[in-house]
Amino acid sequence: MSPTITTSSEANGNVSAATARAAASAAASAEAAGPQSVTMAKALNTALADAMQADSSVLVFGEDVGMLGGVFRITDGLTATFGEQRCFDTPLAESGIVGMAVGMAINGMRPVIEMQFDAFAYPAFEQIVSHVAKMHNRTKGAVKLPMVIRIPYGGGIGGVEHHCDSSESYYAHTAGLKVYTPATVADGYRMLREAIDSDDPVVFMEPKKMYWTKDSVDLGELRRLHEEAASIEGTTTGLGSEGRAAVARPGTDATLIAYGPSVPTALAAAEAAALEGRSLEVIDVRTIVPFDDHTVCESVRKTGRAVVIAEAHGFASVSSEIVARVQERCFHYLAAPIRRVTGFDVPYPAPKLEKYYLPGVDRILDAVDDLQWEN
Amino acid sequence: MTISADHTAPDTASTTPADDALTEAVKKFGITVEDYMLPARHQIQMVDPDGRLIPDSEQGTQPGHEYPVPGNDELLAAYEQLVVGRRVNDQNSALVRQGRMAVYPSSHGQEACQVAAALCLSDADWMFPTYRDAVAVMTRGVDPVQVMTIFRGDWHGGYDPLKYKVGIQCTPLTTQLLHAVGVAHAAKLRGEDTVVMAMCGDGATSEGDFHEALNFAAVFHLPVIFFVQNNKYAISVPLAHQSVAPSLAHKAVGYGMAGERVDGNDVVALLAVLDRAVKLAREGSGPLLVEANTYRMQAHTNADDDTRYRENSEVAEWRAKDPVNRMRTYLTGRGLLDDDGEARIREQAEAVAAQLREGLGEDVPVDPQELFRHVFARQTPQLKEQSAMLADEIARDAAATQNSDAREAGK
Numbered sequence: 003m004s005p006t007i008t009t010s011s012e013a014n015g016n017v018s019a020a021t022a023r024a025a026a027s028a029a030a031s032a033e034a035a036g037p038q039s040v041t042m043a044k045a046l047n048t049a050l051a052d053a054m055q056a057d058s059s060v061l062v063f064g065e066d067v068g069m070l071g072g073v074f075r076i077t078d079g080l081t082a083t084f085g086e087q088r089c090f091d092t093p094l095a096e097s098g099i100v101g102m103a104v105g106m107a108i109n110g111m112r113p114v115i116e117m118q119f120d121a122f123a124y125p126a127f128e129q130i131v132s133h134v135a136k137m138h139n140r141t142k143g144a145v146k147l148p149m150v151i152r153i154p155y156g157g158g159i160g161g162v163e164h165h166c167d168s169s170e171s172y173y174a175h176t177a178g179l180k181v182y183t184p185a186t187v188a189d190g191y192r193m194l195r196e197a198i199d200s201d202d203p204v205v206f207m208e209p210k211k212m213y214w215t216k217d218s219v220d221l222g223e224l225r226r227l228h229e230e231a232a233s234i235e236g237t238t239t240g241l242g243s244e245g246r247a248a249v250a251r252p253g254t255d256a257t258l259i260a261y262g263p264s265v266p267t268a269l270a271a272a273e274a275a276a277l278e279g280r281s282l283e284v285i286d287v288r289t290i291v292p293f294d295d296h297t298v299c300e301s302v303r304k305t306g307r308a309v310v311i312a313e314a315h316g317f318a319s320v321s322s323e324i325v326a327r328v329q330e331r332c333f334h335y336l337a338a339p340i341r342r343v344t345g346f347d348v349p350y351p352a353p354k355l356e357k358y359y360l361p362g363v364d365r366i367l368d369a370v371d372d373l374q375w376e377n
Numbered sequence: 003m004t005i006s007a008d009h010t011a012p013d014t015a016s017t018t019p020a021d022d023a024l025t026e027a028v029k030k031f032g033i034t035v036e037d038y039m040l041p042a043r044h045q046i047q048m049v050d051p052d053g054r055l056i057p058d059s060e061q062g063t064q065p066g067h068e069y070p071v072p073g074n075d076e077l078l079a080a081y082e083q084l085v086v087g088r089r090v091n092d093q094n095s096a097l098v099r100q101g102r103m104a105v106y107p108s109s110h111g112q113e114a115c116q117v118a119a120a121l122c123l124s125d126a127d128w129m130f131p132t133y134r135d136a137v138a139v140m141t142r143g144v145d146p147v148q149v150m151t152i153f154r155g156d157w158h159g160g161y162d163p164l165k166y167k168v169g170i171q172c173t174p175l176t177t178q179l180l181h182a183v184g185v186a187h188a189a190k191l192r193g194e195d196t197v198v199m200a201m202c203g204d205g206a207t208s209e210g211d212f213h214e215a216l217n218f219a220a221v222f223h224l225p226v227i228f229f230v231q232n233n234k235y236a237i238s239v240p241l242a243h244q245s246v247a248p249s250l251a252h253k254a255v256g257y258g259m260a261g262e263r264v265d266g267n268d269v270v271a272l273l274a275v276l277d278r279a280v281k282l283a284r285e286g287s288g289p290l291l292v293e294a295n296t297y298r299m300q301a302h303t304n305a306d307d308d309t310r311y312r313e314n315s316e317v318a319e320w321r322a323k324d325p326v327n328r329m330r331t332y333l334t335g336r337g338l339l340d341d342d343g344e345a346r347i348r349e350q351a352e353a354v355a356a357q358l359r360e361g362l363g364e365d366v367p368v369d370p371q372e373l374f375r376h377v378f379a380r381q382t383p384q385l386k387e388q389s390a391m392l393a394d395e396i397a398r399d400a401a402a403t404q405n406s407d408a409r410e411a412g413k
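Chains A and B supply the protein sequences, listed in that same order. To get our numbering, take the position in the first sequence, counting from 1, and add 2. To get our numbering, take the position in the second sequence, counting from 1, and add 2.
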């Protein structure tokens, strides 16, 4: 693999990436055809490798992402494959990582940077809020920042303090950022590639407890589909996941609205409810910003009842935003007030206490029971 | 079992590009790495406050810190920009007093730094300025009215950074230094020889991003000039409350880069030092830090009252070191500037001032829909909705006004 770097980014007046992207499909690493058992970590890793292959302006950097391959191994093998110029370790400084990425994006690159853990991203908050989110607007679109800030987030792994925060609300609240969070292995691949192709900055929140979740996925087919969409100029993300929630499980009696790490919990709750004869629909939000009002409201209008589930503290959060939006749009269809099952408004607890903090199946079913059912 | 180091084994740790370049820089000047990185024992000054060229023997320079006097053309160009810059500063302050501009952080007294920071760069180089560096941005070639748009109040910026290779005039202190590092890094990866001028003030050196930017630039061995205008005050807080380092230029050595301090009101010395820094950086020396010793002659902005924190006598002391007068005396003394030349330059400065009065005097209509147009490259449905809501609100307002006007007319 040649370490040669050229600008092939479409943003900021540079030449089109389409040629590079088209050439990339040929270089897909040898892997078995058809669906295979794949972890979320592998899907994300493959998405990074494919994006770097497709476009030499895609760079990966952060803390321990080089030789080590990241503490979660999401960047495993990228330095070996693409060289130290394209996947490298930086000094230990998150503001520096984000700020340097801003400069690189200004100058024709597509940086994909890793914040090692949710709470380690806070030193970068000023760069994210004051520059990443505002550069496009203040320059009236002259300067685009096609960059992805990957953040492993959420709990459920028995992590120590500062390793389990759900920080998505800070970013979702900031005008000018897009916030993606995949909840399936296939979405891990699909959504990360779309985030990298996006000319807008994307905060890509990875549910860390799902890194080792396995699913039967055909990565080759996902790659082919992505590159097919990307080769149609201007439709790169237009046909993709952005602003499109998914019905993760269809149902008729009530809607569970969840994202990221709460989606599997919601699915488990729906499964348990089905045994009790209640049919719950589960919506996977996928992109918090932009939010898919249409899919969510369509489901709630159909079922007339809804519970929003999120690990983050409930107060002033993405979950409160979802309740507000649905209530504004679906009031006359609602049989009961929308309920929320979220983390308590306490600092994320120590490992032995996290099971009391995290939304679980029972707490979700209790909330569903409260939705003013007749008899 | 004993464990002993094998001192005869060759050093297997390969030298980094940084080591090589540093060695080369050291070879170039025949001094030790420490003497290369540490600033000269005195600030570099070439023309004294009375406009006299200081003889080499009295400049107090050391081996590796000698600087030749820049060429006549460069000196004249610098003087021209000094005069224009001073006129721009004073014109803008007047426009603020007249209520035609919201605010203007003036670089009055710092024009030598402003001019030199721009003139030392080539077209393909980049500059990352702060809110006080409007004169530097103009000297770089950006249209004066576009530069001042940020202070006019109709948008947060008025020029295209990519077109001029000038970052936005940054308000959050030192955050732009990291953008400078990123631009230099991207250029280096593509094999381009772009040099990046990263500007900040003395107060900003206390910020965390200052440290991170210098360290990143040094570790990645990037061609960035960190140019610190030490104007002695961060709004009201004097330098002594920011740092007790021997000088701000001394901070360089901690990052493994060379530092130099220079008389920031002596444009000759500034050009000499910055020209060499740019040349070294372009040739692969890695980053450098240059501290300019200057003074903010006016209050922080029109909203500030500097009599609360400094004595008039201190300001008067610095007035005697004025960069514009000093350069005029020097050039006139050398026969490079006569009355005609002076008149021509004054005329040019007046033309720019007139352009500012005209451009900032007119009330530019704002388009409320601009609020939504530029937030994202790809618009969101939510912003489309909000944009429609505002359009409807405005349309209903207009209709109501029209109706009431019609009623008035019908009376």
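C-beta atoms are modelled at their ideal positions from N, C-alpha and C, and glycine is treated no differently.
Close-in-space but distant-in-sequence residues of the same chain around residue i (CB under 8 Å, 5 per side omitted)
{"i": "residue 304 of chain B", "result": "95, 98, 99, 105 and 106"}
{"i": "residue 32 of chain B", "result": "65 and 66"}
{"i": "residue 29 of chain A", "result": "Unreliable positioning characterises residue 29 of chain A in this predicted model, as indicated by a pLDDT of 43, which lies under 50. The coordinate reading is nonetheless provided below. Counting only Cβ-Cβ distances below 8 Å, and skipping sequence neighbours, we find 55."}
{"i": "residue 371 of chain B", "result": "389, 392 and 393"}
{"i": "residue 365 of chain A", "result": "343"}
{"i": "residue 43 of chain B", "result": "62 and 64"}
Alpha-carbon to alpha-carbon, residue j and residue i
{"i": "residue 242 of chain B", "j": "residue 312 of chain B", "result": "13 Å"}
{"i": "residue 216 of chain B", "j": "residue 180 of chain B", "result": "8 Å"}
{"i": "residue 360 of chain A", "j": "residue 348 of chain A", "result": "11 Å"}
{"i": "residue 353 of chain A", "j": "residue 363 of chain A", "result": "19 Å"}
{"i": "residue 44 of chain A", "j": "residue 188 of chain A", "result": "10 Å"}
{"i": "residue 204 of chain A", "j": "residue 150 of chain A", "result": "5 Å"}
{"i": "residue 412 of chain B", "j": "residue 405 of chain B", "result": "10 Å"}
{"i": "residue 339 of chain A", "j": "residue 249 of chain A", "result": "22 Å"}
{"i": "residue 400 of chain B", "j": "residue 257 of chain A", "result": "43 Å"}
{"i": "residue 410 of chain B", "j": "residue 398 of chain B", "result": "18 Å"}
Nearest-angstrom beta carbon gap, residue j and residue i [assumed within contact, 8 Å]
{"i": "residue 122 of chain B", "j": "residue 280 of chain B", "result": "5 Å"}
{"i": "residue 85 of chain B", "j": "residue 255 of chain B", "result": "Not really, about 37 Å apart at Cβ, beyond 8 Å."}
{"i": "residue 361 of chain B", "j": "residue 147 of chain B", "result": "3 Å"}
{"i": "residue 79 of chain A", "j": "residue 71 of chain A", "result": "6 Å"}
Residues of its chain near residue i, where Cβ-Cβ distance is below 6 Å and the 5 sequence neighbours each way are ignored
{"i": "residue 316 of chain A", "result": "342 and 344"}
{"i": "residue 276 of chain A", "result": "none"}
{"i": "residue 61 of chain A", "result": "88, 111 and 113"}
{"i": "residue 136 of chain B", "result": "149"}
{"i": "residue 153 of chain A", "result": "117, 120, 123 and 207"}
{"i": "residue 126 of chain A", "result": "96, 97 and 100"}
{"i": "residue 234 of chain B", "result": "241 and 297"}
{"i": "residue 197 of chain A", "result": "150, 182, 204 and 206"}
Test item: CB-CB of residue i and residue j under 9 Å
{"i": "residue 76 of chain A", "j": "residue 213 of chain A", "result": "yes"}
{"i": "residue 140 of chain A", "j": "residue 237 of chain B", "result": "no"}
{"i": "residue 2 of chain A", "j": "residue 184 of chain B", "result": "Because chain A spans 3 through 377 in this model, residue 2 of chain A falls outside it and cannot be assessed."}
{"i": "residue 261 of chain B", "j": "residue 231 of chain B", "result": "no"}
{"i": "residue 180 of chain A", "j": "residue 244 of chain A", "result": "yes"}
{"i": "residue 195 of chain A", "j": "residue 232 of chain A", "result": "yes"}
{"i": "residue 291 of chain B", "j": "residue 250 of chain B", "result": "yes"}
{"i": "residue 100 of chain A", "j": "residue 134 of chain A", "result": "yes"}
{"i": "residue 198 of chain B", "j": "residue 182 of chain B", "result": "yes"}
{"i": "residue 187 of chain B", "j": "residue 222 of chain B", "result": "yes"}
{"i": "residue 268 of chain B", "j": "residue 114 of chain B", "result": "yes"}
{"i": "residue 2 of chain A", "j": "residue 370 of chain A", "result": "No information on residue 2 of chain A is available, as it lies outside the stretch 3 to 377 that chain A covers here."}
Same chain only: Cβ atoms within 7 Å of residue i, ignoring 5 sequence neighbours per side
{"i": "residue 45 of chain B", "result": "263, 264, 265 and 295"}
{"i": "residue 156 of chain A", "result": "166, 168, 209, 210, 211, 262, 263 and 313"}
{"i": "residue 275 of chain B", "result": "46, 69, 262, 264 and 292"}
Beta-carbon neighbours of residue i, restricted to chain E and to distances below 9 Å
{"i": "residue 135 of chain B", "result": "No chain E appears in this structure, whose protein chains are A and B."}
Ordered list of beta strand (DSSP E) runs contained in the stretch 78-156 of chain A, each at least 3 residues: 89-91, 112-116 and 150-155
Any alpha helix (DSSP H) of 4 or more consecutive residues that is wholly inside the stretch 229-297 of chain A: 264-277
Ranges of the alpha helix (DSSP H) found wholly within the stretch 377-412 of chain B, counting only runs of at least 4: 383-412
Beta strand (DSSP E) runs contained entirely in the stretch 179-227 of chain A, provided each spans 3 or more residues: 180-182, 204-209 and 216-219
Contained beta strand (DSSP E) runs [length at least 3] in the stretch 187-239 of chain B, N- to C-terminal order: 198-203 and 226-232
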